[in-house]
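What follows is a set of notes on a single structure, which appears directly below.
Numbering (the working numbering), first residue to last: 293 to 548.
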């Protein structure tokens, strides 16, 4: 058996357990060996997830199990739950979450990002404003090319809040560069927007690339439409009711 075809040597090499590798014939068959390698694999997997989660910028978010499916006026639950199979990443397709403010688009985006991280994928999560500001501040073409590659390389790029701010032509061109390059390489994007595609000219006024940008986004895309009132507004109103009730209760208490 050659070293390259020895499963134990391959496993120890992959885990970089060079001390054990140097004495492989002494430890071969030891009852503790498989347990040591299992612990090492689990710890490396855990540390990799922590590191990739930090780099991804997922942030704090509410888990999907807390989503109130009864709140939106219009939502396809089966469509959304099917996204968590991550087939769209394997197929190089995009996911576009469209709907008004406060209906859960960002929550779904961040849950998809976390699911992809747990599946071992490289993920980047950015708001549209942060992504475009990062690219625009690069002073040289070489620096900008490196940053573009940082957004093109990951298995999944999540772009949140397109449509909340307006951008100039340069920012539109930079977003087009990211989308076009990922489209060419069949790498998935999850994007949230509060505007229909026909209204994107108000987000990127005077930009000639808007039609081409939208075309590449939706060419291979699952478009998820969510309709309803703001859930955040409902939560704020409920918190206010609790505070008001608490104040009334304190006023009604008899003096001691």
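A virtual CB, placed ideally from N, CA and C, is assigned to each residue, including glycine.
Just so we're clear, the structure is a prediction, and the values are computed from it rather than from any experiment.
Quick check: the Cα distance between residue 419 and residue 501, rounded to an integer number of angstroms?
20 Å
To the nearest angstrom, how far is the alpha carbon of residue 369 from that of residue 505?
28 Å
Helix, strand or coil for residue 545, going by three-state DSSP, please let me know. coil
| request: Out of 494, 445 and 477, state which residue places its alpha-carbon closest to the alpha-carbon of residue 464. | output: 494
- Query: residue 342 to residue 407, Cα distance in whole Å?
  - Reply: 13 Å
From residue 544 to residue 538, what does the alpha carbon distance come to, in whole angstroms? 10 Å
Determine the direct distance from the alpha carbon of residue 477 to that of residue 293, and round the result to whole angstroms.
With a pLDDT of only 47 at residue 293, under the threshold of 50, the placement of this residue in the model should not be trusted; the figure read from the coordinates follows. Their Cα atoms are separated by approximately 40 Å.
Using beta-carbon positions only, say whether residue 484 and residue 397 come within less than 7 Å of one another. yes
Looking at the structure shown, is residue 366 part of a helix, part of a strand, or coil, going by DSSP?
strand
query = Are residue 401 and residue 452 closer than 7 Å when you measure CB to CB?
reply = yes
field: 7 Å Cβ cutoff met for residue 404 and residue 352
entry: no
Note to self: Buried or exposed for residue 468, going by 16 or more other Cβ atoms inside 10 Å?
What the structure shows: buried
**Request:** Classify residue 517 as helix, strand or coil using the three-state DSSP reduction.
**Result:** strand
Where does residue 518 land, buried or exposed, given buried means 16+ other C-beta within 10 angstroms? buried
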